[in-house]
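Have a look at the structure below, then the notes.
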Amino acid sequence: MKTLKIAIQKSGRLNEKSVELLKNCGLNFENYKSSLITSVSNFPLEILFLRDDDIPEYVQDGIADIGIVGENVIQETKVDVAYLQRLGFGKCKLKLAVPVNSPIQKVSDLEGKAIATSYPNILNNFLQKEDIKADIKTISGSVEIAPGLGLSDAIFDIVSTGSTLKNNGLQPFADVVSSEAILIGRKGEENTPLIQELIQRIQSVLRAKD
Ligand code: PRT
Ligand code: ZN
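Under the working numbering, think of the first position of the sequence shown as 383, with each following residue one higher.
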């Protein structure tokens, strides 16, 4: 039988929970921080450790068969993949936020304003739906410092506890999308026996947690 390949985040917020989930599924593997690929000894599976941003494309292009990644990353990269299973960890929201003293209080106040984000596609879709024209400033990180530096009037960023916003004198005023870690695969290949076996094991791990 062909070996299945799963892509998970190499390091970062989803790495530990992804590894833990696979171990709880009864899969035996070495988790060396230095290696980019590892084999599971008791299931025909190889694990690829990647930057989270690359995972949707690796799955779409068939380098990996399945992957674990935040829904926000899938939506931003616009790849066409199948959602196989919501995983219940890595939960967060993409929110619009402004400095606490800002005159911007609601979404319509963003007309003509500059918004800094690492998620320009998701933001652009949202603004189009709301019929608002704003200047999207795409930056790759530390979005929360943009208003203080004068780069933008508002930000659109991932929030979980909200303490990063608070520490930077920002307050959220609109939730745009929610996200959690998702198991993704290629469309049309959801029903292969190995993928189904893995999904069933994942579902029983998730059920045992409830
Ligand atoms: O290196 P690589 O590219 O793989 O990782 P990365 O740095 O791009 O991503 P990483 O590890 O930061 O996040 C991976 C995924 O975790 C994200 O794509 C989300 O799906 C999910 N996630 C869940 C989060 C958060 N919670 C979160 N809080 N991603 C980022 N954050 C940021 C937030 O923007 C803020 O800057 O963490 C900071 C702390 O948040 P607060 O609200 O708790 O203060
Ligand atoms: Zn990333």
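For every residue, glycine included, the Cβ atom is placed at its ideal position computed from N, Cα and C.
Under the rule that a run must span 4 or more residues, the alpha helix (DSSP H) segments found entirely inside the stretch 490-540 read 502-512, 528-531. With fewer than 16 other Cβ atoms inside 10 Å of its own Cβ, K405 counts as exposed. Every unbroken stretch of the alpha helix (DSSP H) spanning 4 or more residues and falling wholly within the stretch 449-475 is given here in chain order: 453-459. Per DSSP, A556 lies in no alpha helix (DSSP H) segment; the continuous beta strand (DSSP E) that holds it begins and ends at 552-561. Proximity to ligand 2 was defined by a C-beta distance below 6 Å to any of its heavy atoms, and the residues meeting it, in sequence along the chain, are R433, D434, D435. Around A464, the same chain offers G567, K569, E572 as residues with beta carbons nearer than 6 Å, after the five sequence neighbours per side are excluded.
The beta-bridge partner set that DSSP reports for E428 consists of K387, S421.
In this structure, the CA atom of I577 is about 10 Å from the CA atom of K387.
In the three-state scheme derived from DSSP, where H, G and I count as helix and E and B as strand, P438 is classed as helix.
Annotated three-state conformation of K477 is strand, per DSSP.
Assignment of L576 by DSSP, reduced to helix, strand and coil, places it in the helix class.
Taking C-alpha positions only, L432 is separated from Q442 by approximately 14 Å.
Relative to ligand 1, the beta carbon of Q391 is positioned inside 7 Å of a heavy atom.
Separation of D535 and I448 (C-alpha to C-alpha, rounded to the nearest whole angstrom) is 39 Å. With a cut-off of 8 Å on Cβ pairs, the stretch 466-477 is in contact with the stretch 551-567, counting three or more such pairs.
In this structure, DSSP gives I581 a helical state, which the three-state scheme calls helix. In this structure, the straight-line span from the alpha carbon of I581 to that of I540 is close to 28 Å. Taken through DSSP and simplified to helix, strand or coil, L396 comes out as coil.
Remark: the C-beta of S423 is outside contact range of ligand 1, defined as less than 7 Å to any heavy atom.
If you draw a straight line from the Cα of R589 to the Cα of C407, it is about 12 Å long.
Residues N454, E458, L476, F538 of the same chain have their beta carbon placed closer than 7 Å to that of Y501, with the five preceding and five following residues left out of the count. Comparing alpha carbon positions, the residue from N483, E512, D517, S484 closest to T499 is D517.
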